[in-house]
Every structure is written in structure tokens, then in C-alpha cells.
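Asker: Take this structure, written in C-alpha cells, and hold onto it; I'll ask about it next.
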Amino acid sequence: MYKQELKIPNKYVNNFYNGSIYDLVFLDLEWCRDFQKNVSVQKIFGYTLTRILEDSNEQYIKIQFIESSTQEKKIIQDILNDLHSLRGKYFIGYGLATSDMFCLRQRIEALEFSPKIDSIRILDLQKTSQRNDLNQGLNNLFAYLGIPIFKKIKGYYVFRNGIKILRKEKGYQTVLKEIYEYCLEDAENYFHIISNWQTQFPLVDRDKHLTINLKNDPHLEQRLRSRRGAAFQRPS
Numbered sequence: 003m004y005k006q007e008l009k010i011p012n013k014y015v016n017n018f019y020n021g022s023i024y025d026l027v028f029l030d031l032e033w034c035r036d037f038q039k040n041v042s043v044q045k046i047f048g049y050t051l052t053r054i055l056e057d058s059n060e061q062y063i064k065i066q067f068i069e070s071s072t073q074e075k076k077i078i079q080d081i082l083n084d085l086h087s088l089r090g091k092y093f094i095g096y097g098l099a100t101s102d103m104f105c106l107r108q109r110i111e112a113l114e115f116s117p118k119i120d121s122i123r124i125l126d127l128q129k130t131s132q133r134n135d136l137n138q139g140l141n142n143l144f145a146y147l148g149i150p151i152f153k154k155i156k157g158y159y160v161f162r163n164g165i166k167i168l169r170k171e172k173g174y175q176t177v178l179k180e181i182y183e184y185c186l187e188d189a190e191n192y193f194h195i196i197s198n199w200q201t202q203f204p205l206v207d208r209d210k211h212l213t214i215n216l217k218n219d220p221h222l223e224q225r226l227r228s229r230r231g232a233a234f235q236r237p238s
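This is the structure we're talking about:
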């Protein structure tokens with residue numbers, strides 16, 4: 003398992019929503035397509051979590067990847083443990099309520115997990131930033147808010163090459179390093195979104211969050227499946 007944790011000075015202000023900046027947790031899952039018995043399966047191979055620590059007022063960043071397919075169950079357990087320990091917070095991300103949660107729920111079911119936490123609250127940037135004059139994608143949102151990004155790779159590279167990490171194919175360590183740097187740049191800039199939000203968008207009402215059930219919920223599953231085409235579009 004590859005895991006990096008770091009803390010950096012907090013230089014952000016909450017211009018995003020009517021709540022505390024300490025209650026926001028950015029979450030991004032990395033997943034890719036694998037094949038089992040000629041059936042396409044979305045598998046999770048990494049995730050990023052970052053938040054502002056209330057005690058030290060520092061930004062905490064954790065980026066974690068598996069280094070073989072045998073570790074997928076372990077990393078999903080780590081994700082669920084984080085969700086449980088941070089229950090009551092607002093999880094925030096771009097497409098988090100659709101693509102990431104759809105994939106996570108599928109893997110929870112396939113690997114027969116029984117999460118300790120029933121549900122989480124999500125503020126999805128893809129929904130809150132919808133405007134006719136704004137192209138979809140996290141990178142476009144960064145640009146729209148005046149946040150410079152210098153990524154060497156794009157989102158589809160992560161989706162396309164994650165399988166090399168799962169299978170430990172030749173060169174997978176280089177791929178892992180490139181994806182780590184990609185995730186780190188996002189993590190270091192997520193809270194710039196919180197600071198710059200009201201330059202382009204109105205304040206978000208925290209009461210309009212989405213509640214995503216992590217346990218068996220046939221009604222939610224039906225709603226997610228109806229949006230499946232959008233769910234598996236890898237954000238840029």
C-alpha cells in the first residue's frame with residue numbers, strides 16, 4: 003500500500019457555504035475499469051482526502067493507493083473507516099455524489115462490506131457549479147475561479163492507466179507517481195475553491211446537501227443507475 007500524509011499551512015477563508023470550514027472534507031476516489039470473466043468492473047485503486055484541522059488550523063492531506071488488486075478490499079475498508087470517523091461532516095468533491103459514490107457502493111456490495119456508517123452528507127461541486135457558460139470538469143472549475151493548475155496528465159490518464167497499478171504491470175510505479183502528483187496538485191488547490199467561490203457563484207446552502215446511503219437502498223440504487231451514463235464519465 004502506498005500512502006502519503008502531509009500538513010500544510012491553512013491560508014483559506016470560507017466563502018463557499020453557510021457553515022464552518024472545519025466541517026468540509028474533500029474526497030476523491032480513483033477508480034478504473036477491469037474485466038472479470040469478460041465483464042467490465044469498476045475497481046477502486048486510490049483516494050484523496052483533505053480537510054482543515056480545527057486544533058492546529060493546518061490543511062491535512064492524505065493520498066493513498068493500492069499496489070496490487072489484492073489490496074482493493076483493504077483500501078475500501080480504509081475509506082469506510084475515514085467516512086465513519088468523519089461522520090457529521092460535509093464531504094465535498096466534483097462528481098462525488100454520482101461517479102465516486104456509484105463506484106463505491108458497487109464495490110461495497112460486490113465485496114460484501116457492512117459499513118458502520120449508514121450515510122454521508124455530500125456537497126457536490128458538479129451540481130452546485132452548473133451554469134450554461136461553464137464547461138463541465140474540475141479543471142474548468144479551477145480555471146473559472148482563477149486557480150492556476152499545471153497538471154502533466156489529465157483525468158482520462160488516471161482512468162485508463164489505473165489498471166497497470168491493479169495488475170502491477172511493467173512501469174506501474176511510474177504511473178503511480180504521476181497519478182500521485184496529479185492528486186496532490188488537486189488536493190493543494192481544493193480549498194482555493196472554498197476561498198474563491200463567491201467570485202463567480204452564490205453562497206451554497208448547507209441544508210441542500212445530498213444524503214448518500216452507503217448501505218442497501220434500492221430506491222437510491224435505481225436513481226443512480228438511471229444516471230449511470232453520467233456516473234462513469236471521468237472528470238477532467
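Note that the sequence shown covers residues 3 to 238 in this note's numbering.
Quick reminder that beta carbons are idealized off the backbone N, C-alpha and C, glycines included.
Quick caveat, the model's predicted, so the values are computed rather than measured.
1) Buried or exposed: where does Leu113 fall if 16 or more other Cβ atoms within 10 Å of its Cβ makes it buried?
2) Exposed or buried, what is Leu55 when buried is set at 16 or more other beta-carbons lying within 10 Å of its beta-carbon?
3) Going by C-alpha to C-alpha distance, which of Asp57, Val15, Ile68, Gln79 sits closest to Leu34?
4) Starting from the Cα of Asp57, find the closest Cα among Ile78, Tyr24, Leu29, Leu140 and give me that residue.
5) Of all the options Leu29, Leu106, Tyr62, which has the alpha carbon lying nearest to the alpha carbon of Leu125?
6) Would you call the CB atoms of Gln61 and Thr52 closer than 9 Å?
7) With DSSP run on the structure shown, which of helix, strand or coil describes Lys153?
8) Can you tell me which residues form a DSSP beta bridge with Lys9?
9) Looking only at its own chain, which residues have a Cβ that is under 8 Å from the Cβ of Val160, when we skip the five neighbours before and after it?
10) In whole angstroms, what is the alpha-carbon distance linking Gln44 and Ile10?
11) Is the CB-CB distance between Leu205 and Tyr19 below 9 Å?
12) Output the distance between the C-alpha atoms of Leu127 and Arg109, rounded to the nearest integer angstrom.
13) Since Tyr158 and Lys166 are thought to touch, with beta carbons under 8 Å apart, how far apart are those beta carbons, to the nearest angstrom?
14) When we look at the beta-carbon of Phe93 and count the other beta-carbons within 10 Å, is it buried (16 or more) or exposed?
15) Going by the DSSP bridge assignment, what does Cys34 pair with across the sheet?
16) Starting from the C-beta of Leu8, find all residues in its chain whose C-beta is less than 7 Å away, skip the five residues before and the five after it, and write them out in chain order.
17) Which term fits Lys5, buried or exposed, when burial requires 16 or more other beta carbons within 10 angstroms of its beta carbon?
18) Where does the unbroken beta strand (DSSP E) through Asn134 begin, and where does it stop?
Answerer: In short:
1) exposed
2) exposed
3) Reading off the sequence shown, one finds Cys at residue 34, where the question assumed Leu. For the residues Asp57, Val15, Ile68, Gln79, the minimum Cα distance to Cys34 belongs to Ile68.
4) Tyr24
5) Leu29
6) yes
7) coil
8) Tyr62
9) Glu32, Cys34, Ile181, Tyr184, Arg236
10) 33 Å
11) yes
12) 23 Å
13) Actually they are not in contact, since the Cβ atoms of Tyr158 and Lys166 sit about 14 Å apart, beyond 8 Å.
14) buried
15) Lys45
16) Ile63
17) exposed
18) No beta strand (DSSP E) contains Asn134, which DSSP labels as neither H nor E.
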